[in-house]
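Colleague:
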Amino acid sequence: MKKITVFYAICAVALLALAAFGQEELFSNPNVEYTFTLPNEKWKLTVPPSATSPNVEYVYGDRNEGHLEVRKLTVAKGTILSDVIHGDEEQKLQFKPGFVAGKEERFVGRFSGTVYNFEYVASGRNMSGRYYFLKANETTIYVLRFAGRKDSLRAILNQTDSIARTFAVK
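Just so we're aligned, residue 1 is where the sequence shown starts under the working numbering, counting upward by one.
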């Protein structure tokens with residue numbers, strides 16, 4: 001009897017695992033030249049790309065829980081990622097109330113790059129940002145800008161990493 005119970009328990013776990021894998025969604029659109037996989041159905045498209053604007057935005061339930069913007073940067077050949085991070089990007093972020101620069105991390109997925117972490121305050125709440133700078137080639141960098149409440153963004157860190165790892169150019 002115990003063997004049958006264990007067998008059914010294993011089958012139930014396997015079915016739940018398969019259902020969890022089935023919740024992934026591939027983002028692909030003819031107006032952009034990249035794809036990525038969303039690991040959870042809670043990610044909702046809020047700004048689709050168009051012929052005039054290639055920008056893409058998603059939210060994780062609520063904008064404060066998690067917000068993703070995908071941007072493409074064109075840089076001069078030989079530009080170093082840290083120059084891009086500490087140049088234009090960090091200068092823009094310094095105007096956020098309570099901005100505190102965080103550490104940079106090396107990142108490896110389909111594209112290698114750097115993750116830039118920071119914190120700030122919005123509407124009296126502690127917020128954080130996690131920007132993935134992914135170098136597609138010598139002149140193209142894709143920036144995946146994740147932002148949200150500090151505790152919420154920390155809770156979905158595995159999902160932000162997963163989205164960045166699956167980011168690919170068509």
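Glycine included, C-beta positions come from ideal geometry on N, C-alpha and C.
What you are looking at is a predicted structure, and each value in this text was computed from that prediction instead of being measured.
So what does G113 bridge to, in DSSP terms?
Modeller: In the DSSP output, where bridge partners are listed per residue, G113 has F107 and L134.
Colleague: Could you tell me the distance, in whole angstroms, from the CA atom of F146 to the CA atom of E138?
Modeller: Straight-line Cα distance between these residues: approximately 24 Å.
Colleague: Distance check for V84 and R110, CA to CA, integer angstroms please.
Modeller: Near 20 Å, if we compare the C-alpha coordinates of V84 and R110.
Colleague: For I141, tell me which candidate among A164, T52 and M127 has the shortest Cα-Cα distance.
Modeller: Checking every option, the nearest Cα to that of I141 belongs to A164.
Colleague: Can you give me the Cβ contacts of K103 inside the same chain, cut-off strictly under 7 Å, excluding the 5 residues immediately before and after it?
Modeller: Counting only Cβ-Cβ distances below 7 Å, and skipping sequence neighbours, we find N117.
Colleague: In three-state terms, what does DSSP make of K77?
Modeller: Coil.
Colleague: Who are the near neighbours of N29 in its chain, counting only those whose CB is closer than 8 Å to its CB and skipping five residues on each side?
Modeller: Result list for N29: P48, P49 and V56, in chain order.
Colleague: Can you name the residues that DSSP bridges to D62?
Modeller: D62 pairs with Y60.
Colleague: Can you list, in chain order, the residues of its chain with a C-beta nearer than 8 Å to that of Y8? Leave out the 5 residues immediately preceding and following it.
Modeller: Only weak support is given to the placement of Y8: the predicted model assigns it a pLDDT of 49, under 50, and the question is left unresolved by the model.
Colleague: Let me check understanding here. Comparing Cα to Cα, which of E89, D161 and L68 lies closest to E105?
Modeller: Closest by alpha carbon: D161.
Colleague: Following the continuous beta strand (DSSP E) through T46, name the residue where it begins and the one where it ends.
Modeller: Unbroken beta strand (DSSP E) run through T46: W43 to V47.
Colleague: Roughly how many angstroms separate the alpha carbons of A122 and G148, rounded to a whole number?
Modeller: Between A122 and G148, the C-alpha separation is close to 10 Å.
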